[in-house]
Amino acid sequence: MKRLFLTSSLRRVIKDSVKHIKDHRDMSLVFITTASEVEGGNKQWMKDDRDALVEVGFKVVDYTITGKNEQQFISP
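When we follow the UniProt record's numbering, the leftmost residue of the sequence shown carries the number 1, and every step to the right adds one.
Here's what the structure looks like:
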């Protein structure tokens with residue numbers, strides 16, 4: 001079963017959220033970084049969120065839609 005969780009920040013809620021996801025350890029997850037590309041600085045907030053996902057057991061893959069055409073975006 002596929003699931004979609006959208007959040008703007010999760011480091012404070014991820015430990016509670018995974019209680020509702022059966023067998024989440026080693027589950028693959030796409031971390032969409034596109035929105036952060038307009039931000040300056042070191043983006044520690046984004047790194048913290050990504051690290052929180054890894055800490056609870058997800059296999060995290062970073063992904064951006066920047067520079068992709070429609071076909072590249074919808075292809076599996």
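Where a beta carbon is used, it is the ideal one built from N, C-alpha and C, also for glycine.
Three or more beta-carbon pairs separated by less than 8 angstroms link the region 50–64 to the region 22–31, which places the two stretches in contact. Per the C-alpha coordinates, the member of Ile21, Gln71, Thr7 positioned closest to Thr33 is Thr7.
Within the same chain, and ignoring the five residues on either side of Glu37 in sequence, the residues whose Cβ sits closer than 8 angstroms to its Cβ are Thr64, Thr66.
Here DSSP, grouped into helix, strand and coil, assigns Asp51 to helix.
Bounds of any alpha helix (DSSP H) do not take in Lys43, whose DSSP letter is neither H nor E.
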